[in-house]
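Heads up: the sequence shown begins at 80 in this note's numbering, then just goes up one per residue.
For each residue, glycine too, the CB sits at the ideal point set by N, CA and C.
Here the structure comes first, spelled out in structure tokens, and everything after it is commentary.
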Amino acid sequence: MEAVGIQGSATGPQARPLPPVLRISLRVWLKLYAALIASARPVFDLVVRLVIAQGLLASGLVKLMDWERALALASQEYPVSFMSPPYAAALGLAIELGGSLLLALGLMTRGAAIAVGALMLVAQLGYLPTDTQLFTIALMGWYALRGAGALSLDRLLARGLKGSAVPLAPQLVGAGDWLTRHAAPWYLAGLRLWLALTLAVQAGWLALPEPQVLLPLASFAALPPASAGLYALLMLAGLAMPLVSLLAILGLQGAMLMGYGAGLPLLAMATLALFIAHGSGRASIDAAVAAWLQANVLRDARPGMVPLDWPHVVIVGGGFGGLACALALRRLPVRITLIDRQNYHLFQPLLYQIATAALSPADVAIPIRQLFRADGNVRVLLGEVDRVDTLARTIGFGGNALAYDYLVLATGATHSYFGRDEWAPFAPGLKRVEDAIAVRAALLGAFEKAESCGDPARARRLLNFVIIGAGPTGVELAGAIAELARHGLEHEYRSIDPADARVILVQAADRILPAFPPELSAEAARSLERLGVEIRLDARVTGIEAERVLMGEEAIESETVLWAAGVAASPAGRWLNAATDPSGRVTVDPCLRVAGMGNVFVIGDAAASLGWAGKPVPGLAPAAKQAGRHVAMLIGEELRGRPADTPFVYRHQGSLATIGRKSAVADFGWLRLYGAPAWWLWGAVHIGFLAGFRNRAVVVVNWLWSYVTQRAGIRLITMGERG
């Protein structure tokens, strides 16, 4: 029994449980389908709005360029009985131009949709009836009730306006939310009935008086009566509407390509696609099936629905490995608890850009809870685990205890000073946001102190920056600091020239980036030297003090020393009382299990795995993500009653390191790049690995701004000299 509250089970009568393999497979496919639809739905809504806006804008511009003809048409061709022709023409033009802009932006969408729908209805009833106008009216009704969707200014502003003091804004936003939740599903049901009536007429089941200006009969004229009748029945019942809509679109377009019909208008396809993107609406068999599936298979619409008898998977660590494991497991019938000492997932490869004032912490981190808002079987806890009882199957964090059925430790690594922990106060590393902010304060503070100290000797010492360790982090730090000093701060100081700063990269090996091929290491060294970085090879640090670094007999005067030389695993091995390697990583079997503990897995930097063709798996983000997904796969196989003994095989996807603002090196084994092509590739890969659309967008904008202006944007000293 868990000492911390856990999710309960659903109440009410339950159907006989499905067989495990069928139930698990069904849940996985349903969750995958839901995720795909949820990802595509905002894009679909935006595209439909843009298509309608484009048509309105084109029509409005034609009238604007030939206003006299527009007035003549309003007077003679389609006069409006309740409005004078000039006013009718001006109002129509305003709706077309203004409505197109508002719909494209998703701003005041409901009002714009009502106006455009009314204009189309007047044209349909009073001028020239067309199916395109009917489908535009149908789509405008949808947007009037549901709103513009996620990719819109309305959605962006709604949260702030809902609790604001703007007159009527909270009431309007609240009314819109109510319409979205309650009216829009019924509107979908009405659309189904409208289309079912159209198809029933096409099938010859109904004979309505001519002309039919409110039914889009021409769009479905190519359908044989039998097919039209079948579609009518399915739409009337609301059975398999996503599939029915897709088949109708493909069938009619295929008939057009074979010369048997005119095909569907674009907006007719968009109307049918509403049922693919948003479901069948109320009063449908699909809705009843969805409710049954939620109650008997998914069971995660609310945390309280998740059954107690689902296995409990506890994941410790919200880094790359832990997050990948949770994301892969969330579709299985398991309860997941993800524990981390921070409430955010951090993209560590870009920490150095926080330290060098290129990005802010919010750009490379995302709240973990935000990633699992739609997953009722995932719970996120803030806490620092300090003990594991493998016999009782519990973990402890603070004063809490938590029982588990499966335990996944993805606790990462921290700095290793190779037994010289007394160096830590003088040479901070980069593993946490707090480290990066402290390093940024130290770097910028060094320039500020050099400007004001009035002592040339100390100013020179302050402008000496020493980075110890020339792996990817050290190389990227050295290049970024050199760029900052030579370009980002120019013309901003009066007593010093930031370009006089010395950036010294110290490496104990005979080349930098030793994990890369020698030719790429040499190219990286040349790029760093072009930036003015001094590289010291075969140099072993023997001491670090407040104002100098010792390398044998040589002393480098510096007050800013950064550590990028080594890491040590978390104390997971001590918690488990398990065997570890010299770096403290837990020894695991080929399946990433701890020996003698079949339900305990260790992944990422905390694991000593030989899954790279017998070699140690590197401490890289892709390796941790692959391991997290592998463990999720093993748990899924075990739940299905299958052997869960597939060994973990790390697939190396390449190594990248960037040097400054226009150079990088990339090694993919079969392909090796350096210079600008590698730099662009490095940027694209890192953007792709970031979590969250907002983070990707903000980082792209910041990088473009920094690239064009050669200015570092986040030059804030918000902590003490070293935090």
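Residue burial classification, residue i (beta-carbon count within 10 angstroms, cutoff 16)
{"i": "Glu513", "result": "exposed"}
{"i": "Asn543", "result": "buried"}
{"i": "Arg782", "result": "The sequence given here has Trp at residue 782, not Arg. Result: buried."}
{"i": "Lys694", "result": "exposed"}
{"i": "His570", "result": "exposed"}
{"i": "Lys142", "result": "buried"}
{"i": "Gln133", "result": "exposed"}
{"i": "Tyr729", "result": "buried"}
{"i": "Phe680", "result": "buried"}
{"i": "Gln203", "result": "buried"}
{"i": "Thr552", "result": "buried"}
{"i": "Ala736", "result": "buried"}
{"i": "Ser742", "result": "buried"}
CB of residue i within 8 Å of CB of residue j, strictly
{"i": "Val710", "j": "Ser688", "result": "no"}
{"i": "Ile796", "j": "Leu610", "result": "no"}
{"i": "Asp746", "j": "Phe595", "result": "yes"}
{"i": "Gly739", "j": "Gly558", "result": "yes"}
{"i": "Gln281", "j": "Leu296", "result": "yes"}
{"i": "Val585", "j": "Arg615", "result": "yes"}
{"i": "Ala525", "j": "Cys532", "result": "no"}
{"i": "Ala651", "j": "Val665", "result": "yes"}
{"i": "Val554", "j": "Ala603", "result": "yes"}
{"i": "Gly548", "j": "Ala643", "result": "yes"}
{"i": "Glu633", "j": "Glu626", "result": "no"}
Interface flag, residue i vs chain D, CB-CB below 8 Å
{"i": "Ser637", "result": "Annotation note: the requested chain D is absent from the structure, which comprises a single protein chain."}
Same chain only: Cβ atoms within 6 Å of residue i, ignoring 5 sequence neighbours per side
{"i": "Met187", "result": "Leu181"}
{"i": "Gly228", "result": "Pro121 and Asp124"}
{"i": "Leu111", "result": "none"}
{"i": "Leu224", "result": "Leu258, Ala262, Ala263 and Tyr266"}
{"i": "Arg590", "result": "Ser600"}
{"i": "Ala580", "result": "Leu542 and Ala564"}
{"i": "Asp379", "result": "Val385, Gly455 and Asn456"}
{"i": "Gly314", "result": "According to the sequence shown, residue 314 is Met rather than Gly. Taken in chain order, the residues that qualify are Arg271, Leu274 and Ala275."}
{"i": "Asp365", "result": "Gly317, Met320 and Ser359"}
{"i": "Ala657", "result": "Val665 and Val673"}
{"i": "Leu249", "result": "One point to set straight first is that residue 249 is Pro, not Leu, in the sequence displayed. Excluding sequence neighbours, Pro249 sits near Lys241."}
Continuous alpha helix (DSSP H) stretch holding residue i: start and end
{"i": "Leu488", "result": "It is not in any alpha helix (DSSP H) - Leu488 instead sits in the beta strand (DSSP E) that spans Tyr485 to Leu488."}
{"i": "Asp256", "result": "Ala248 to Trp257"}
{"i": "Arg537", "result": "Pro535 to Leu541"}
{"i": "Arg102", "result": "Pro99 to Met144"}
{"i": "Phe497", "result": "No alpha helix (DSSP H) contains Phe497, which DSSP labels as neither H nor E."}
{"i": "Asp514", "result": "Val512 to Ser531"}
{"i": "Thr188", "result": "Thr188 to Gly205"}
{"i": "Thr350", "result": "Leu345 to His357"}
Same chain, Cβ closer than 7 Å to residue i, neighbours up to 5 away in sequence not counted
{"i": "Ala237", "result": "Val252"}
{"i": "Ala369", "result": "none"}
{"i": "Phe727", "result": "Pro669, Cys670, Leu671, Ser688, Gly690, Ala706 and His709"}
{"i": "Pro344", "result": "Asp210, Thr211, Phe214 and Ser298"}
{"i": "Gly802", "result": "At Gly802 the pLDDT is 42, less than 50, meaning the model places this residue with poor confidence; the figure from the coordinates comes in the next sentence. Result list for Gly802: Glu513, Ile516, Ala517 and Ala520, in chain order."}
{"i": "Pro446", "result": "Asn422 and Tyr423"}
{"i": "Leu198", "result": "Gly171 and Ile174"}
{"i": "Val127", "result": "Leu218 and Ala349"}
Residue i, enclosing beta strand (DSSP E) - first and last residue
{"i": "Met630", "result": "Arg627 to Met630"}
{"i": "Trp221", "result": "Taken as a continuous stretch (DSSP letters only), Trp221 belongs to no beta strand (DSSP E), being part of the alpha helix (DSSP H) at Asp210 to Arg225."}
{"i": "Glu613", "result": "Val612 to Arg615"}
{"i": "Phe476", "result": "Thr473 to Phe476"}
{"i": "Arg740", "result": "Segment: none, Arg740 is in no beta strand (DSSP E) and carries neither H nor E."}
{"i": "Ala269", "result": "First, the amino acid is wrong: residue 269 is Gly here, not Ala. No beta strand (DSSP E) contains Gly269, which is instead part of the alpha helix (DSSP H) from Ala263 to Gln281."}
{"i": "Trp642", "result": "Thr639 to Trp642"}
{"i": "Gly677", "result": "Met676 to Val681"}
{"i": "Ile591", "result": "Run containing Ile591: none; DSSP gives neither H nor E here."}
{"i": "Gly466", "result": "Correcting the residue type first, residue 466 is Arg in the shown sequence and not Gly. It spans Val464 to Asp468 - the beta strand (DSSP E) in which Arg466 sits, taken as one unbroken run."}
{"i": "Val582", "result": "Arg581 to Val585"}
Same chain only: Cβ atoms within 8 Å of residue i, ignoring 5 sequence neighbours per side
{"i": "Arg448", "result": "Asn422 and Val459"}
{"i": "Pro99", "result": "Leu718, Arg719 and Gly720"}
{"i": "Arg106", "result": "Val376, Leu377, Arg410, Leu411 and Pro412"}
{"i": "Pro588", "result": "Looking at the sequence itself, residue 588 is Ala, so the reference to Pro does not match. Cβ neighbours of Ala588 beyond the five flanking positions: Ala549, Leu616 and Asp617."}
heavy atom of the ligand ADP below 7 Å from residue i C-beta
{"i": "Arg539", "result": "Although the ligand ADP was asked about, the structure shown includes no ligands whatsoever."}
*asked:* Under 8 Å: do the region 393-411 and the region 488-495 share three or more Cβ pairs, one atom per stretch?
replied: Output reads yes: the region 488-495 touches the region 393-411.
*Specify whether the region 319-337 and the region 348-358 touch according to this definition: at least 3 beta carbon pairs, one from each stretch, less than 8 Å apart.*
Segments in contact, yes.
_the region 399-409 in contact with the region 711-723 per 3-pair CB rule at 8 Å_ = Enough Cβ pairs lie closer than 8 Å, so yes.
*Are the region 437-446 and the region 766-779 touching by the rule of at least three beta carbon pairs closer than 8 Å?*
The answer is yes - the region 766-779 touches the region 437-446, with three or more Cβ pairs under 8 Å.
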